[in-house]
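Peer 1: The structure is given below, and queries will be raised subsequently.
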Amino acid sequence: MQAVQFTAYGSPDVLEVVDVDVPRPGPAEVVIDVAGAGINQLDTKIRSGAMAAGAALAAPSGTGFDAAGTVVEVGTDVTDVVPGDTVFGTGRDTLAQQAVLTRWALVPAGVDAADAGGWGVAVETANRLLTEIGLEHGTLLLSGASGGVGSALVQLARARGLQVVGTASERNHAYLEGLGAVPVTYGPGLVERVRAVAPSGIDGALDLSGAGVIRDLVALVGDPRQVISISDFTAPGLGARVSTGANRTTDPRDGFVEAAALPGFSLHVERRYRLDEARAAHTAAERGHTVGKLVVIP
Numbered sequence: 126m127q128a129v130q131f132t133a134y135g136s137p138d139v140l141e142v143v144d145v146d147v148p149r150p151g152p153a154e155v156v157i158d159v160a161g162a163g164i165n166q167l168d169t170k171i172r173s174g175a176m177a178a179g180a181a182l183a184a185p186s187g188t189g190f191d192a193a194g195t196v197v198e199v200g201t202d203v204t205d206v207v208p209g210d211t212v213f214g215t216g217r218d219t220l221a222q223q224a225v226l227t228r229w230a231l232v233p234a235g236v237d238a239a240d241a242g243g244w245g246v247a248v249e250t251a252n253r254l255l256t257e258i259g260l261e262h263g264t265l266l267l268s269g270a271s272g273g274v275g276s277a278l279v280q281l282a283r284a285r286g287l288q289v290v291g292t293a294s295e296r297n298h299a300y301l302e303g304l305g306a307v308p309v310t311y312g313p314g315l316v317e318r319v320r321a322v323a324p325s326g327i328d329g330a331l332d333l334s335g336a337g338v339i340r341d342l343v344a345l346v347g348d349p350r351q352v353i354s355i356s357d358f359t360a361p362g363l364g365a366r367v368s369t370g371a372n373r374t375t376d377p378r379d380g381f382v383e384a385a386a387l388p389g390f391s392l393h394v395e396r397r398y399r400l401d402e403a404r405a406a407h408t409a410a411e412r413g414h415t416v417g418k419l420v421v422i423p
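First residue of the sequence shown: 126, per the numbering used here; consecutive thereafter.
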């Protein structure tokens, strides 16, 4: 089968489509025929070597952490799905014709499996952040709300009864309103604009963009411990928190099941790419400003 791999860290140009062996599932895993796989910022950071601490790549590496498609083989301990079921979730080396998923849920009826290929990482991250921020009521502020994680967060937070204010460029305001958030433009004057649309105050804030907004978020929330970033590692210097998958305390499947059961849940797909367009997909992801998700179709 074909898969995207790289043999050295670097720009998107290091990505190649190669022939590899068909994967086999471990006891608690499934293998799917991939209908679609998402592109995430984590993929680009790993490929670039930004997370390698200066070490060379030891062996050819696949890329991709989420996908959706038809189950073709299940591990010996798997009892909740069977071959032929259509699932989405997270796994490894998902930019490929077949991939292993380690966490999954059924794709809801009527949802294009290719589009659901971009749900896994976004939904897992959104569920983790909502658990960590711990708001049961009130108003949540999202910085960088129109991307994949932000889109998932708006929908899950609204379903849990929270009010949501989200920052985005003006061209994405209508999109956020359609998801149920109150949009505000990012940039200078953010604090005043947020206070104007949320006069009762902000109870928690999530930084999804790493755009140097932690100080403003702390000013809006008051309690720095109720400000969490997924990409600004200077946040603890201001008393805020950083959340990564490494400190996850939630089961990704909980978020998957919640999203799948939420009527109308969806993540806008800005563009679909072929497997041999993986370089272009990574380039677009690195540029940022994506509305929703980028998805690769093998």
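For glycine and all other residues, C-beta sits at the position ideal for the given N, C-alpha and C.
1) Measuring straight from C-alpha to C-alpha, what distance separates Gly417 and Met176?
2) Span of the alpha helix (DSSP H) holding Ser391?
3) Helix, strand or coil: which one does DSSP assign to Arg149?
4) Taking the straight line between their C-alpha atoms, what separation do you get for His262 and Ile355?
5) Just tell me which of Leu363, Ser368, Gly269 and Trp244 has its CA closest to the CA of Ala384.
6) So, with DSSP's three-state summary, where would you put Tyr300?
7) For Leu304, which residues of its own chain have a beta-carbon under 7 Å away from its beta-carbon, when the five flanking residues on both sides are left out?
8) Suppose only complete runs of 4+ residues qualify. What are the alpha helix (DSSP H) ranges in the region 246–308, listed by chain order?
9) What residue range is occupied by the uninterrupted alpha helix (DSSP H) comprising Glu402?
10) Whole angstroms is fine: what's the gap from Val319's alpha carbon to Leu287's?
11) Would you check if the distance between the CB atom of Val129 and the CB atom of Gly214 is smaller than 9 Å?
12) Restricting to runs no shorter than 3 residues, where is the beta strand (DSSP E) found entirely within the region 342–388?
13) Please state whether DSSP places Ala175 in a helix, a strand or coil.
14) With a 10 Å radius around its C-beta and 16 neighbouring C-beta atoms as the bar for buried, classify Ala181 as buried or exposed.
Peer 2: Let me lay it out:
1) The C-alpha of Met176 is placed about 24 Å away from the C-alpha of Gly417.
2) That residue, Ser391, is in no alpha helix (DSSP H); it is neither H nor E in DSSP.
3) The three-state secondary structure of Arg149, taken from DSSP, is coil.
4) In this structure, the CA atom of His262 is about 22 Å from the CA atom of Ile355.
5) Among Leu363, Ser368, Gly269 and Trp244, the Cα nearest to that of Ala384 belongs to Trp244.
6) DSSP places Tyr300 within a helical segment (H, G or I) once states are collapsed to three.
7) Once the five neighbours on either side are set aside, the close Cβ partners of Leu304 are Ser276, Val279 and Gln280.
8) For the region 246–308, the continuous alpha helix (DSSP H) assignments of 4+ residues that do not extend past its boundaries occur at 273–284 and 298–304, in sequence order.
9) Glu402 -> no alpha helix (DSSP H), and no H or E assigned at all.
10) Whole-angstrom Cα-Cα distance: 16 Å.
11) In this structure, Gly214 does not lie closer than 9 Å to Val129 by Cβ.
12) For the region 342–388, the continuous beta strand (DSSP E) assignments of 3+ residues that do not extend past its boundaries occur at 352–354, in sequence order.
13) Three-state DSSP puts Ala175 in coil, outside helix and strand.
14) Exposed, by the Cβ-count rule.
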